[in-house]
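Residue numbers (this note's numbering): -11 to 102.
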């Protein structure tokens, strides 16, 4: 029984290490240099640097300059953050100021149980 428990613990530790090393691919869609857009950029960069340092790629897309990209991703509001990788795909809308919500959505924190 002890060996089986040890094997399970090793597998869980290995999986946790893999998750901590996963690369995140994020796209933030904004509308020009508006205060709300700039706040979203600052907030998401701060979150990424604090929690994903060295393992994320953030692309910022101005939908005024590249409307085709927004249409292709079906962006209907801005700012919108897309988490492309790791799967599953997730969308966040707003100025990214709710850090806890973003961390849960990026699977960096467990969802609180009621």
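Ideal Cβ placement from N, Cα and C applies to all residues, glycine included.
- Counting the other Cβ atoms within 10 Å of the Cβ of residue -7 gives fewer than 16, which makes it exposed.
- Taken atom to atom, the span from the alpha-carbon of residue 48 to that of residue 9 is near 23 angstroms.
- Taking 8 angstroms as the cut-off, the Cβ atoms of residue 84 and residue 51 do not count as close.
- Residue 64 carries a coil assignment under DSSP once its states are collapsed to helix, strand and coil.
- Taking the CA atoms as reference points, residue 82 sits about 11 angstroms from residue 90.
- Of 25, 12 and -4, the smallest CA-CA separation from residue 72 is found for 12.
- Inclusion of residue 29 and residue 16 in the CB contact set at 8 angstroms is warranted, their separation being smaller than that value.
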